[in-house]
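K.L.:
One structure coming up, written as structure tokens, with questions to follow.
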Amino acid sequence: MKNGKLQVAVVGCGGIANQKHFPALKSQEDKCDIAAFCDIKPERAQKACSEYGAENAKVYTDYRELLKDPEIDVVHVCTPNVSHCPITIAAFEAGKHVLCEKPMAATTEDAQKMMDAWKKSGKKFTIGYQNRFRPDAQMLKRTCEEGKLGEIYFAKAHAVRRRAVPTWGVFPDKSQQGGGPLIDIGTHALDITLWCMDNYKPVSVMGSVFEKLGHLPEAAEGNMFGPWDPETYEVEDSAFGYIKMENGATIFLEAAWALNVKDSREAATTLCGTKAGAEMVGGMSQQSYDLVINETTGGVLTEEHISDSGSIAFFEGASGGTDASKECRQWLDAILNDTEPLVRPEQAFTVTQILDAIYRSAREGREIRLS
Ligand SMILES: NC(=O)c1ccc[n+]([C@@H]2O[C@H](COP(=O)([O-])OP(=O)(O)OC[C@H]3O[C@@H](n4cnc5c(N)ncnc54)[C@H](O)[C@@H]3O)[C@@H](O)[C@H]2O)c1
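Residue numbering for the sequence shown follows the working numbering, starting at 95 and increasing by one per position.
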């Protein structure tokens, strides 16, 4: 703490740092300073420092040097997926609180190491699932908590884009990201679904993973972000999971950056309960989410539409600023007041565990049992 404010460092000054973290942290200037910037590309850290840095903010190219600074209280990890584990562990060992971008890790093994380091540290830990802060997500969560849906026994987690393969950064690079749309956007849809169901006990997972369109030059035409390079495309283009929970509830997860469907739907869930159902309809190019509650009123089947301006954020060319400041404020308050962050590490761990099991099931051609 310096002058009563948390000193925050951001590691990785690329897309998500610029679109979400820097503006959000800046909006919480009464609670924090952005005191250090780190990127292996020094010009990125330098540029961010001059735009968002507090007085005397420092610039680094090696996160290990940054972590030696005793004045830093909080580290935001905004690097490609595979590096989340070593950077987060090093930050806990240096005694910092950590907000790590989603997904927690590329594998369950890495996620477990992060959980162990967190528990040893006694510090706060959260993962960047900002979609939970969308007004429609908050409303759906409340609806579920009030029991309006009854027992939720079937759900669909939607993360399907017709053609929106990210063409910047290292997204199609398996060695740095660990996978494609499943780990990138499937992670948000599954997080929302498990959180609304409040069910974190998966027992078995079946998965199918496809590399069908990514290598086809003709499929890359019409991509929202411009054509991708089929030669360097290394990850799946779509993946599907069938997840059974301990209480018998079942979730179907669909994730695609490219799939020949009519409608795109992202960071969304469909929940089916004994009393009513709920569907989030939105994502990608749509600016708002429509939340629909399906029920029976006076013997008639009804649909209640709850619209709001909640927008999914944070891909090139589109962002929804309000969600990010809510996420950031709740996180900083959790540190300052010693309370729980909304996104708890155990919950994000289960998301990574399920995604990893879908990849494994597809590789090994069998059902994966989880304990
Ligand atoms: N919450 C969301 O909705 C959301 C959206 C986009 C990305 N993300 C996540 O954020 C992370 C980064 O994605 P991005 O789109 O910003 O990628 P990006 O490629 O635009 O930025 C990553 C930055 O990290 C830097 N970097 C790489 N290794 C580093 C290291 N060891 N030390 C310091 N800097 C390093 C790169 O040079 C780059 O500037 C990913 O894990 C991604 O899943 C989350």
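Quick reminder that beta carbons are idealized off the backbone N, C-alpha and C, glycines included. Keep in mind that this is a model prediction, so the values were computed, not measured.
1) Check whether the Cβ atoms of Val168 and Ile429 sit closer than 8 Å, and answer yes or no.
2) Do you know offhand how far Ile406's Cα is from Lys120's?
3) Straight-line CA distance for Val299 to Cys290?
4) Pick from His399, Lys96, Asp156, Thr173: whose alpha carbon is nearest that of Gly108?
5) In whole angstroms, give me the CA-to-CA distance for Ala451 and Ala148.
6) How is Ala129 classed by DSSP in three states: helix, strand or coil?
7) Would you check whether ligand 1 has a heavy atom nearer than 7 Å to the C-beta of Val105?
8) Should the region 187 to 199 be regarded as contacting the region 442 to 450, the criterion being three or more beta carbon pairs within less than 8 Å?
9) Less than 8 Å between the beta carbons of Ala333 and Val303, yes or no?
10) Classify Val259 as buried or exposed, calling it buried when 16 or more other Cβ atoms lie within 10 Å of its own Cβ.
11) Considering only their Cβ atoms, is the gap separating Lys162 from Cys179 smaller than 8 Å?
12) Does the region 261 to 271 come close enough to the region 304 to 322 that 3 or more CB-CB pairs lie under 8 Å?
13) Between the C-alpha atoms of Ala231 and Ala362, what's the straight-line distance to the nearest angstrom?
14) If you follow the beta strand (DSSP E) that Phe304 is in, where does it begin and where does it stop?
15) Between the C-alpha atoms of Gly189 and Arg158, what's the straight-line distance to the nearest angstrom?
16) Leaving out five residues on either side along the sequence, give the residues of the same chain with a beta carbon under 7 Å from the beta carbon of Ala418.
17) Are the beta-carbon atoms belonging to Leu276 and Leu449 less than 8 Å from one another?
18) Tell me the residue span of the alpha helix (DSSP H) that contains Ser455.
19) What does DSSP give as the partner residue(s) for Ser332 in the beta ladder?
P.N.:
So, to answer that:
1) Counting from one through the sequence shown, the residue named residue 168 turns up at place 74. Counting from one through the sequence shown, the residue named residue 429 turns up at place 335. Yes. Within cutoff.
2) By one-based count along the sequence shown, residue 406 stands at place 312. By one-based count along the sequence shown, residue 120 stands at place 26. In this prediction, Ile406 has a pLDDT of 45, which is less than 50 and means its spatial position is unreliable; nothing more can be read from the coordinates.
3) For the purposes of this step, residue 299 is taken as residue 205 along the sequence shown, with counting starting at 1. For the purposes of this step, residue 290 is taken as residue 196 along the sequence shown, with counting starting at 1. Answer to the nearest angstrom: the Cα atoms are 19 Å apart.
4) By 1-based counting over the sequence shown, the position of residue 108 is 14. Of His399, Lys96, Asp156, Thr173, the residue nearest in Cα terms is Thr173.
5) Residue mapping note: residue 451 aligns to position 357 of the sequence shown, counting from 1. Residue mapping note: residue 148 aligns to position 54 of the sequence shown, counting from 1. Those two C-alpha atoms are separated by around 42 Å.
6) By one-based count along the sequence shown, residue 129 stands at place 35. Note: Ala129 maps to strand in three-state DSSP.
7) Here the question's residue 105 lines up with position 11 in the sequence shown. Result yes, Cβ under 7 Å from ligand 1.
8) yes
9) Within the sequence shown, the letter at position 239 stands for residue 333. Within the sequence shown, the letter at position 209 stands for residue 303. Taking 8 Å as the Cβ cut-off, Ala333 and Val303 qualify as a contacting pair.
10) Residue mapping note: residue 259 aligns to position 165 of the sequence shown, counting from 1. Val259 should be labelled buried.
11) As a working mapping, residue 179 is identified with position 85 in the sequence shown. As a working mapping, residue 162 is identified with position 68 in the sequence shown. Not a contact, by the Cβ cut-off of 8 Å.
12) yes
13) On the sequence shown, position 137 is the one that residue 231 refers to. On the sequence shown, position 268 is the one that residue 362 refers to. Their backbone Cα atoms lie some 9 Å apart in a straight line.
14) The sequence position of residue 304 within the sequence shown is 210, counting from 1. Per DSSP, Phe304 belongs to the beta strand (DSSP E) from 296 to 304.
15) Indexing the sequence shown from 1 puts residue 189 at position 95. Indexing the sequence shown from 1 puts residue 158 at position 64. So the alpha carbons of these two residues sit roughly 13 Å apart.
16) For this step, residue 418 is matched to residue 324 along the sequence shown. Closer than 7 Å at the Cβ level, and outside the excluded window around Ala418, lie Lys114, Pro117, Ala118, Gln224, Ala407.
17) Residue mapping note: residue 276 aligns to position 182 of the sequence shown, counting from 1. Residue mapping note: residue 449 aligns to position 355 of the sequence shown, counting from 1. Result yes, Cβ atoms of Leu276 and Leu449 sit closer than 8 Å.
18) As a first step, residue 455 is located in the sequence shown; it is residue number 361 there, counting from the start. Here the alpha helix (DSSP H) through Ser455 covers 439 to 458.
19) Mapped onto the sequence shown, residue 332 falls at position 238. According to DSSP, which records beta bridges pairwise, Ser332 is partnered with Phe304, Ala350.
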